[in-house]
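J.:
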Amino acid sequence: MIGIEQLPWADDAKCLQAEPDTFFPEKGGSTREAKRICQMCTVKPECLEYALANEERFGIWGGMSERERRKLKRLAS
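Take the sequence shown: its letters are residues 1 to 77, numbered as in the UniProt record's numbering.
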């Protein structure tokens, strides 16, 4: 799998300007700041699509946690 930095839309990703730990909090840690950053990101849909297609199991992608992405996938099935 290629790194996010190599994806065509990644240059515009707000998360690349933030501390990576913000998007990968410890278990039970807050996701609020990561989701706030995602709300301002112009490539949020592309990010979420990438996470769903690649079954990303950790972190905040496209403004959603892994649990939220699993639920979205279940509802789409």
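Cβ coordinates follow ideal geometry from the N, Cα and C atoms, glycine included.
Does the Cβ of A76 have 16 or more other Cβ atoms within 10 Å, making it buried, or fewer, making it exposed?
T.: Classification for A76: exposed.
J.: Should E56 be labelled buried (16 or more other beta-carbon atoms within 10 Å of its own) or exposed?
T.: Result: buried.
J.: From the beta carbon of R36, is the nearest beta carbon of chain C less than 8 Å away?
T.: Here there is only one protein chain, and chain C is not present.
J.: Thinking G59 and F23 are a contact (beta carbons under 8 Å), I'd like their distance in whole angstroms, please.
T.: About 5 Å separates the two Cβ atoms, so the contact holds.
J.: Based on Cα-Cα distance, which residue from P25, M40 and N54 lies nearest to A13?
T.: With distances taken between Cα atoms, A13 lies closest to M40.
J.: Just the C-alpha distance for D21 and P8, rounded to the nearest angstrom, thanks.
T.: The straight-line gap from Cα to Cα measures roughly 23 Å.
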